[in-house]
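For reference, the structure is listed below as structure tokens.
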Amino acid sequence: MGHTYGQKNRKYSKEFKEQIKTIYLNGNGTKNSISRDYDLPIKTVGTWIDKWNHPERYLPKGKKKGRPKDSETDWKEKYEILKKYQAFLKAQRERK
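Residues in the sequence shown are numbered from 4 upward in steps of one, following the working numbering.
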């Protein structure tokens with residue numbers, strides 16, 4: 004048997020996570036013992052514990068990634084600017 008490289012990206016049910024949470028919060032297991040007993044990556048257990056102890060760290064932030072969405076008025080303003088620019092270019096061409 005060779006060593007498996009890379010992540011497995013396993014998904015765990017909400018019920019399973021609650022079971023692990025109960026074990027940990029009741030003092031019936033440590034991060035290491037839970038990881039060993041349930042064949043879970045220690046980093047996964049650590050992340051779950053951190054989420055339980057500090058839920059505020061995992062709340063969605065107000066600012067989203069990516070380019071901000073333009074409002075309806077922004078589009079109207081851009082359209083008006085574009086129309087004026089097109090008229091300007093047309094006038095430039097007609098002067099030649």
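The beta-carbon is built from N, C-alpha and C at its ideal position, and this holds for glycine as well.
Keep in mind that this is a model prediction, so the values were computed, not measured.
Who are the near neighbours of residue i in its chain, counting only those whose CB is closer than 7 Å to its CB and skipping five residues on each side?
i, result
"Met4", "Any reading at Met4 needs caution, since the residue's pLDDT is 44, under 50, leaving its predicted position unreliable; the model's value is listed next. Taken in chain order, the list of residues that qualify is empty."
When burial is assigned at 16 or more other CB atoms within 10 Å of the CB, is residue i buried or exposed?
i, result
"Ile23", "buried"
"Ile45", "exposed"
Please list, in chain order, all residues of the same chain as residue i whose beta carbon is under 6 Å from its beta carbon, the five residues on each side excluded.
i, result
"Asp42", "none"
Where residue i and residue j are concerned, what is the direct C-alpha to C-alpha distance, given to the nearest angstrom?
i, j, result
"Asp77", "Asn12", "42 Å"
"Leu62", "Leu28", "21 Å"
"Asn31", "Thr25", "8 Å"
"Lys14", "Lys20", "10 Å"
Spatial neighbours of residue i within its chain, please: CB distance less than 8 Å, with the 5 preceding and 5 following residues excluded, ordered by chain position.
i, result
"His6", "For His6, the predicted model reports a pLDDT of 46, less than 50, meaning its position is unreliable; a value from the coordinates is still stated below. Nothing listed; no residue qualifies."
Answer yes if the segment 40-57 comes into contact with the segment 77-93, meaning at least three C-beta pairs across the two stretches below 8 Å, and no otherwise. no
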